[in-house]
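Asks:
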Amino acid sequence: WIDFNAGVVADGEKTLDETADDLFRLVLETANGRKTRSEEQGYREISIFKDGVTL
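When we follow our numbering, the leftmost residue of the sequence shown carries the number 135, and every step to the right adds one.
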């Protein structure tokens, strides 16, 4: 259910600039109606849980 894998930079598969471009394109595509992985699987809501202090 991950939409974007930035780990390709750490793995040496892509440069940071290439990965940033990929992320930017994905954001634009999503803003223009592309469904996220969660939406494709039928989920329509999201809840983010965080333990500990939030500053």
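Note that beta-carbon positions come from the ideal geometry of N, C-alpha and C, so glycine has one too.
Indicate the three-state DSSP secondary structure (helix, strand or coil) for R171 in the structure shown.
Replies: Along the sequence shown, one-based indexing puts residue 171 at 37. Note: R171 maps to helix in three-state DSSP.
Asks: Report back the beta-carbon spacing between I136 and R168 to the nearest angstrom; my notes put them in contact at under 8 Å.
Replies: Here the question's residue 136 lines up with position 2 in the sequence shown. Here the question's residue 168 lines up with position 34 in the sequence shown. Not really, about 15 Å apart at Cβ, beyond 8 Å.
Asks: On the three-state DSSP scale, how would you describe E163?
Replies: Numbered from its first residue, the sequence shown carries residue 163 at position 29. In this structure, E163 counts as helix in the three-state DSSP scheme.
Asks: Determine the DSSP secondary structure at F158, reduced to helix, strand or coil.
Replies: The residue given as residue 158 occupies position 24 in the sequence shown. Three-state result, F158: helix.
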